[in-house]
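Protein chains in written order, with the numbering used here: chain A, 4 to 452; chain D, 4 to 452.
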């Protein structure tokens with residue numbers, strides 16, 4: 004397992020203060036029976052489906068979370084915590100169970116990605132990290148899959164590290180883009196950490212550092228004769244393509260890997276570039292495009308039959324620009340065996356331990372049902388136990404396997420749901436047992452008000 | 004200096020592959036003379052000013068960047084790099100100069116936050132990390148300042164860790180929110196790392212874990228009699244406020260810290276809650292609000308005179324939701340003493356080593372001029388040398404000093420520019436020397452095409 008920057012030792016304090024103040028209050032009252040929390044997303048603007056990702060980092064975190072002496076000393080200094088509670092924290096381990104859908108599975112509105120079943124204090128303290136990790140991973144994996152779904156047989160590469168929100172986001176985005184079907188990343192550390200292909204050639208600064216574009220190209224081809232993608236838009240794109248062709252010929256090379264367009268009217272420039280490359284005998288030279296791309300622009304250019312072979316997608320992928328956050332939550336649904344439900348306006352939760360049952364027809368998803376864990380429902384259960392009594396009991400699949408699963412999940416979507424234009428995110432049915440519990444709970448709560 | 008997760012040792016490979024492929028090409032040709040790169044932002048939708056932040060992390064990175072054996076082994080395995088070049092990387096240090104505006108300074112369109120003057124290869128390799136760190140920091144600091152600017156004398160707290168894009172973003176966001184005028188953060192590790200106040204009380208799960216809201220409140224007050232902010236909207240907000248008041252009275256407490264509203268029609272609920280609290284004799288009890296807040300909602304509620312004392316701003320702050328990325332760049336502007344300029348459509352850069360000169364009238368910014376470093380221009384120069392020959396030569400100010408400077412910078416803005424509704428981001432004038440160079444360069448380039 005490869006975990007990037009996640010470090011169990013240091014991450015324990017990466018939590019919200021209220022998790023710890025609540026924990027102390029529970030501790031004082033001896034309230035530490037088994038609680039069940041769900042992590043799920045509500046309906047999301049601009050998304051018809053959500054691709055699960057981030058679980059591996061959560062598994063590692065839960066198995067390794069420790070409060071070290073330095074953490075304890077800091078909390079003691081704050082004056083808010085008793086010695087008894089701090090002694091408890093010092094021995095803190097996650098001892099519960101974690102149920103989750105596999106990474107690479109596609110989910111819809113209100114379907115839990117993760118269910119934590121653990122002593123209340125443990126389940127509470129891990130909330131912040133779980134949301135922090137899962138939200139970003141789902142956002143980027145989903146955005147990547149949307150790009151993949153319109154790019155037909157062309158290649159996609161993650162160019163987003165520089166515009167990702169910090170270092171950890173750059174790492175997670177590279178991993179999740181790969182899950183969503185990208186061919187690799189420009190991020191060297193992510194390529195190393197996750198063992199995925201690294202891509203990269205030259206920037207405008209390389210051209211500018213030389214006395215002329217021609218000299219820059221010739222020089223680059225000397226270092227990478229077989230593997231140069233020459234960036235042609237620094238001054239004038241069409242001239243740039245001609246300079247690139249001349250440089251390749253001058254170097255006596257038979258193969259020309261290709262060019263990159265990073266600005267301007269891409270459709271026109273790609274078509275003209277293709278002509279120039281072809282008439283120079285470089286039919287196999289790739290046209291690679293970058294610069295402010297997203298799934299909508301890729302789709303448009305594909306529809307216009309722009310002769311593009313590959314795409315570098317950066318900013319809009321890694322910040323999920325049209326939907327930079329999910330309406331997601333980690334909610335208590337059961338404590339001491341009693342179902343729990345919140346009634347705040349527009350924030351109703353589904354109580355009790357649940358399972359998602361999925362029915363297929365001819366390989367296409369026909370119906371999802373969210374039901375109580377012990378309801379007898381037709382369909383394949385999607386949630387599996389990954390952690391039991393604090394130990395990982397099912398090794399997460401390899402990144403390659405997750406990526407393959409993501410493509411299979413996508414292929415099982417009804418055609419309408421695959422579209423990047425907002426069809427409506429399907430709202431799964433609820434099992435009859437779950438519906439009954441919800442009605443009863445709602446009535447009980449309203450009676451008590 | 005406190006740096007959060009930034010780790011010089013591990014961050015060297017956190018770069019784009021093309022930085023390394025270009026570097027090897029430069030290395031092979033012996034092209035490693037002094038280059039000058041600027042980091043700046045172009046005009047930004049929804050922002051009238053940008054608050055500088057993130058410099059401290061960049062300083063630490065530049066002083067500590069090293070390629071360790073594991074990095075070198077990975078690059079060697081990739082087959083793209085020669086032993087000579089890898090030997091160079093093994094000894095790689097940043098040996099150049101860094102000029103920057105102070106954190107907490109406000110800048111406008113095209114004004115460089117950072118100028119790197121270093122041997123070409125060094126200046127190139129550090130590009131990705133600089134953009135990654137600066138963009139997020141500027142985004143969050145600016146968003147925080149916008150919230151601060153409409154919140155009058157009420158308190159603002161960063162609640163964003165869970166929705167930040169990964170762990171590093173959660174840390175940087177807490178720091179930058181503090182720079183922008185927030186009182187503190189819910190993020191415990193950030194509070195510890197940056198020595199800023201930590202805030203937090205209770206979540207809905209705390210209420211739900213108990214048999215009733217009343218019992219939950221009573222129980223919490225037992226642990227924190229003087230310091231409880233009770234969350235009142237789990238079932239019915241007004242009932243929740245009444246339960247909170249009863250619980251405080253039942254506990255025999257004289258002081259009541261306050262309540263938190265997290266959903267519903269906040270204006271109406273805050274006004275009703277205030278009445279209930281006041282008539283119970285708790286005139287000093289705070290009303291704290293959270294849930295989907297941003298600067299626009301805070302401004303509206305302040306204008307409606309909703310009796311709110313504090314705000315927990317989360318998601319929209321830490322992902323800078325209305326502007327989740329900046330049109331920013333790190334561009335070569337000079338090499339071997341020769342000015343450099345790119346002509347790609349809408350992406351023109353300002354060539355040469357520059358300085359920003361700012362003129363004030365009665366404490367208010369009257370004019371900014373971007374000029375060549377050696378032009379004689381009226382006004383205070385904003386860029387200072389922080390690193391000389393690879394060593395930090397000016398210690399970055401304390402976080403408190405940066406925060407104070409940010410408020411002073413904001414107070415020096417013309418009133419129109421302070422507004423959160425988009426006034427136009429001022430475009431600074433260019434010095435006459437810089438203008439001349441640009442005209443000449445443009446002519447030269449066009450002639451050569």
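All C-beta atoms in this analysis are idealised placements derived from N, C-alpha and C, irrespective of residue type, glycine included.
Quick caveat: nothing in here was measured; it's all calculated off a predicted structure.
Chain-order list of residues whose beta-carbon lies under 8 Å from that of residue i (same chain, five-residue window excluded)
i: residue 389(D); result: 58, 62, 101, 102, 103, 395, 396, 397, 399
i: residue 311(A); result: 157, 269, 273, 290, 291, 292, 304, 305
i: residue 160(D); result: 185, 186, 187, 188, 189, 202, 313, 314, 315, 316
Residues of its chain near residue i, where Cβ-Cβ distance is below 7 Å and the 5 sequence neighbours each way are ignored
i: residue 309(A); result: 269, 270, 273, 274
i: residue 132(D); result: 14, 17, 18, 64
i: residue 155(D); result: 305
i: residue 25(D); result: 127
i: residue 245(A); result: 279
Reference residue i, options the options, closest by Cα
i: residue 471(A); options: 441(D), 336(D), 26(D); result: With chain A represented from 4 up to 452, any question about residue 471(A) goes unanswered, as that position is not in the structure.
i: residue 65(A); options: 75(A), 95(A), 37(A), 77(A); result: 95(A)
i: residue 403(A); options: 186(A), 164(A), 92(A); result: 186(A)
i: residue 204(A); options: 430(D), 393(D), 19(D), 440(D); result: 19(D)
i: residue 369(D); options: 412(D), 450(D), 37(D), 160(D); result: 412(D)
i: residue 127(A); options: 176(A), 98(A), 439(A); result: 98(A)
i: residue 330(A); options: 433(A), 141(A), 147(A); result: 141(A)
i: residue 22(A); options: 73(A), 56(A), 71(A), 78(A); result: 78(A)
i: residue 352(A); options: 265(D), 237(D), 213(D); result: 237(D)
i: residue 382(D); options: 144(D), 361(D), 324(D), 168(D); result: 361(D)
i: residue 199(A); options: 213(A), 207(A), 179(A), 425(A); result: 179(A)
i: residue 136(D); options: 124(A), 143(A), 170(A); result: 170(A)
C-beta neighbour in chain A for residue i, strict 8 Å
i: residue 8(D); result: With a pLDDT of only 42 at residue 8(D), under 50, the local geometry of the prediction cannot be trusted, and no value is derived from it.
i: residue 296(D); result: no
i: residue 135(D); result: yes
i: residue 259(D); result: no
i: residue 12(D); result: Unreliable positioning characterises residue 12(D) in this predicted model, as indicated by a pLDDT of 49, which lies under 50. A coordinate reading is not provided.
i: residue 285(D); result: no
i: residue 166(D); result: yes
i: residue 279(D); result: no
Interface flag, residue i vs chain D, CB-CB below 8 Å
i: residue 131(A); result: yes
i: residue 356(A); result: no
i: residue 77(A); result: yes
i: residue 312(A); result: no
i: residue 161(A); result: no
i: residue 345(A); result: yes
i: residue 34(A); result: yes
Three-state class that DSSP yields for residue i in the structure shown
i: residue 396(D); result: coil
i: residue 379(A); result: coil
i: residue 297(A); result: coil
i: residue 343(A); result: coil
i: residue 371(D); result: strand
i: residue 414(A); result: helix
i: residue 422(D); result: coil
i: residue 309(D); result: coil
i: residue 191(A); result: helix
i: residue 94(A); result: coil
i: residue 202(A); result: coil
i: residue 82(D); result: coil
i: residue 178(D); result: helix
i: residue 386(D); result: strand
i: residue 1(D); result: Residue 1(D) falls outside the range modelled here, since chain D spans only 4 to 452, and no answer is possible.
i: residue 315(A); result: strand
i: residue 103(A); result: strand
Same chain, Cβ closer than 6 Å to residue i, five either side skipped, listed in chain order
i: residue 430(D); result: 112
i: residue 436(D); result: 375, 378
i: residue 230(D); result: 260
i: residue 138(A); result: 329, 331
Closer than 7 Å: residue i CB and nearest the ligand SAH heavy atom
i: residue 385(A); result: This structure lacks the ligand SAH; in fact it carries no ligand of any kind.
Please give me, in chain order, every unbroken run of the alpha helix (DSSP H) with length at least 4 that falls completely inside the segment 25-72 of chain A.
58-67
Any beta strand (DSSP E) of 3 or more consecutive residues that is wholly inside the segment 215-291 of chain A:
232-234, 261-264
Taking only runs of the alpha helix (DSSP H) that begin and end inside the segment 129-175 of chain A, which ones reach a length of at least 4 residues, in chain order?
130-153
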